[in-house]
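In what follows, a single structure is set out as structure tokens and then discussed.
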Amino acid sequence: MHIKSNLLNLGVVFATLLANSLISDSQVKGKIPLLPTQKSWIAVQSANIATLANGNYQFCSQPDPKDWRDGAGVCLNFSKVGNRLNGYYGYPHSDNFICIRGTVDNNLIAGEALAILWGVNQLKNTPESAFKWDLEQRLTLSQGHLISTANNGEDAVKRILYRHASLNLEGFYQYNRPRMTPPSQLCEWKAQK
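Per the UniProt record's numbering, numbering of the sequence shown is gapless, rising by one per residue and ending at 193.
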């Protein structure tokens with residue numbers, strides 16, 4: 001009985017190794033990440049945003065948490081029409097986000113961004129030179145201009161337009177549906193100066 005159990009375990013290990021060896025060389029060169037499952041490893045294909053059909057999407061830097069959270073890591077919630085994208089990039093369950101619109105080339109979005117800053121989150125100076133907006137260093141912004149200010153003190157709201165925004169979503173995970181607030185409820189692109 002003990003020998004049969006060992007042979008069965010050895011067979012499972014052999015089958016797992018054989019399955020892993022069947023992953024083609026082109027997949028490895030294409031940098032398709034491997035994710036662990038409980039019993040073995042599976043290959044996950046990275047989505048190309050440019051080839052997505054027109055519609056609404058959510059991509060995040062971490063896999064779907066499959067719980068109450070709207071996303072994990074930093075996320076882009078957007079609508080796509082042709083090669084045009086309109087959405088926002090930020091951290092779920094926070095007020096730390098930035099609106100983005102532009103064109104898509106593979107997994108790179110190039111266009112402009114709109115920051116909406118409330119009270120304590122406001123910058124003393126509007127940055128004009130290029131800087132990385134997020135901890136993951138995926139979003140680069142430059143050419144910032146203050147376009148409006150409303151209220152004073154803790155209720156103050158500043159809107160900063162960045163004429164240049166570049167966002168790289170290579171390796172992000174596509175969620176089965178957008179779960180974050182729709183971009184139309186957060187991003188008001190008013191007339192710019």
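Using N, Cα and C, we set each Cβ at its ideal position, and we do this for glycine too.
Limits of the unbroken alpha helix (DSSP H) element including residue i
i	result
Ser184	Pro183 to Leu186
Residue burial classification, residue i (beta-carbon count within 10 angstroms, cutoff 16)
i	result
Gln58	buried
Gly90	buried
Thr149	exposed
Trp133	buried
Gly55	exposed
Val74	buried
Leu85	buried
Gly144	buried
Lys80	buried
Lys190	exposed
Ala130	exposed
Leu139	buried
Asn77	buried
Ser184	exposed
Helix, strand or coil at residue i [DSSP, three-state]
i	result
Met180	coil
Gln174	strand
Ala53	coil
Tyr162	strand
Gly144	strand
Gln137	coil
Ser79	strand
Lys132	strand
Ala72	coil
Asn48	coil
Those residues which DSSP pairs with residue i across a bridge
i	result
Thr103	Arg84 and Ala110
Trp118	Val157
Gln58	Asn77
Leu167	Ile109 and Leu139
Opening and closing residue of the beta strand (DSSP E) in which residue i lies
i	result
His93	Careful: His93 lies outside any beta strand (DSSP E) and carries neither H nor E.
Residue i Cβ short of 6 Å to the ligand NAP heavy atom set
i	result
Leu169	The model depicted lacks the ligand NAP and carries no ligand whatsoever.
Residue-chain proximity (residue i, chain D), Cβ-Cβ < 7 Å
i	result
Arg138	In the structure shown, chain D cannot be found, because there is only a single protein chain.
| said: Taking 8 Å as the cut-off, does the stretch 103–122 touch the stretch 159–173 (at least 3 CB pairs, one atom from each stretch)? | reply: yes
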